[in-house]
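In the numbering used here, the protein residues as written are 104 to 628. Note that CB positions come from ideal geometry on N, CA and C, so glycine has one too.
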């Protein structure tokens, strides 16, 4: 075999910004394209907006009408939070939606004996919702204080490219249960959706119409429409008449009961369920979910910056974004969405799939959320898309986000045994520990922590059920205690240093400056 010459070896130098994007964070497609892309992001965000209320509202005692109202409220508030974050927060193209991190403390509230003993279902739902609202309002102060005081900016100075690899990677990989396991509930719908989406968005992405790569950019809309019609034909033909209830719920297009339960016009408003109730035990438990959400959001912000072809957000901007997320959680509590806030990971992945990281597209998507949440029947129509269709898309989107996390390895020395140890252990424990907590909870109907102190149980069970949170604890601890002085270059710190402050890189001003010349009143540090 001929010897390979050094000049023939492929070398890919590290890149501050991800290349190959048609539109980056501050460049915009035409209005027509932007509106279509915004609607596509809206459709994708419906999955989480429907799944969380579908899981929690029946446990709270609510009926289909209550579920429809919660879905509308969650979408409405998601639109508001997204506009606030893209205008005044990090300004990254991120949708701020509902969070699964809050499920553990919310289930504790639902099981509270004082609420569980209420006989009337609707009354129990309203009282439980008020208790959740009170807990969210109090616990939102954690993110507001950490964000606006710049304490999270100080904490983020302990982060490095090496430490961020497992955190960002597990923001995507940690959601594997929402992927193929959900497809498996209705393979005849989910699997064709997955294959069709990959085929159109990747293998046929060079098909252009008037110089626009239509299949790459709008494959999600096309695939959802085609498979949704196919699912409706199966439903109408009676294919699921004699199947198990779980199969019917997953496959049929008429099982959500959202359309029949939703009002034609309904505008969510603060305190619509009544005055929130406050409990120290509930509030302390909810604070753990707020911390988990904060960490998951930090990882998602890092991924979104990469997929918007921007530089990593400086510590000041990151902390500002966390402050606005705290305001978002406060709005969740005031309106009664039934959950807290986090970055929608699937929408971050869609930035990479379409190669459009434009901020304007996400803001248009927020407009669709607000509009269709007020027109209840129309919003419910789109929200009745079967879950396996969303799960097929998640398989791709979460994978993209996970790969973005791994891309931070290019700034580190992966020939270092120290770095291999830190990345390997934090990735493995970030998956293994939450899986243990999940299996234990499923079998024992309670978390591994089940002392008499409910708030302590929620803390432990929430924190260690989150893959990115476990990964951050392990990775940052090891990265800042193991041969730190000798490993600065191996950790990627020389590259990372100029992005730690707002003035450290000239591009930060282009990507992260506040609109309306507000930086005069809030000068960045």
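From the DSSP output, in three-state form, read off residue 310 for me.
coil
Where residue 388 sits in the DSSP three-state scheme:
helix
Own chain residues within Cβ distance below 6 Å of residue 264, not counting five before or after:
511, 514, 515, 595, 599
On a CA-only basis, which of 393, 333, 319 is nearest residue 250? Give me that one, please.
393
Cβ neighbours of residue 482 in the same chain (closer than 6 Å, five flanking residues each side left out):
475, 476
Can you tell me which residues form a DSSP beta bridge with residue 201?
444
Three Cβ pairs or more, each shorter than 8 Å: is that satisfied between the segment 286 to 299 and the segment 525 to 540?
no
Tell me which residues share the same chain as residue 577 and place their Cβ nearer than 6 Å to its Cβ, disregarding the 5 neighbours each side in the sequence.
529, 532
Confirm, please, whether the CB-CB distance from residue 207 to residue 575 is below 8 Å.
no
Contact with chain D by residue 349, beta-carbon distance below 8 Å:
Here chain D cannot be found, since the structure has a single protein chain.
Local conformation of residue 315 per DSSP, three classes
strand
Pick helix, strand or coil for residue 126, following the three-state DSSP scheme.
strand
C-beta atoms of residue 451 and residue 407 nearer than 8 Å
yes
Tell me whether residue 98 is buried or exposed, calling it buried when 16 or more other Cβ atoms sit within 10 Å of its Cβ.
Residue 98 cannot be examined here, being either before or after the span of the chain that is shown, 104 to 628.
Please work out which residues of its chain come closer than 8 Å, Cβ to Cβ, to residue 315, disregarding the five sequence neighbours upstream and downstream, and give them in chain order.
136
Looking at the structure shown, is residue 504 part of a helix, part of a strand, or coil, going by DSSP?
helix
If you run the structure through DSSP and keep just helix, strand and coil, what is residue 464?
helix
Can the beta-carbon of residue 376 be found closer than 8 Å to that of residue 439?
yes
Alpha carbon to alpha carbon, what distance is there between residue 318 and residue 196?
22 Å
How many Å lie between residue 492 and residue 432 at the Cα?
28 Å
Quick test of your reading: residue 300 and residue 499, contact by CB under 8 Å. State the CB separation rounded to the nearest angstrom.
6 Å
Length of the line joining the Cα atoms of residue 343 and residue 357
11 Å
In whole angstroms, give me the CA-to-CA distance for residue 285 and residue 428.
29 Å
Look at the Cβ atom of residue 400, then the Cβ atom of residue 446, and state whether they are nearer than 8 Å.
yes
Under 8 Å, with one C-beta from each stretch per pair, do the segment 166 to 184 and the segment 361 to 371 reach the 3-pair mark?
yes
Is the segment 318 to 333 touching the segment 140 to 153 in the sense that three or more CB pairs, one from each, lie closer than 8 Å?
yes
Taking C-alpha atoms, which residue in 240, 424, 536, 490 lies nearest to residue 382?
240
Any chance you could list the alpha helix (DSSP H) runs of at least 4 consecutive residues sitting entirely within the segment 525 to 564, in chain order?
none
Measuring straight from C-alpha to C-alpha, what distance separates residue 496 and residue 296?
8 Å
How many whole angstroms separate the CB atoms of residue 527 and residue 156, which I take to be in contact at a CB cut-off of 8 Å?
Contact doesn't hold; Cβ gap of about 38 Å is too wide.
By Cβ distance below 6 Å, which residues in the same chain neighbour residue 232 in space, the five residues on each side in sequence not counted?
376, 439
Can residue 163 and residue 227 be called in contact, C-beta distance under 8 Å?
yes
If you count every other CB in all the chains shown that lies within 10 Å of the CB of residue 592, and 16 or more means buried, which is it?
exposed
Does the Cβ-Cβ distance between residue 556 and residue 275 come in under 8 Å?
no
Contained beta strand (DSSP E) runs [length at least 3] in the segment 164 to 211, N- to C-terminal order
199 to 201
Tell me the residue span of the alpha helix (DSSP H) that contains residue 592.
591 to 594
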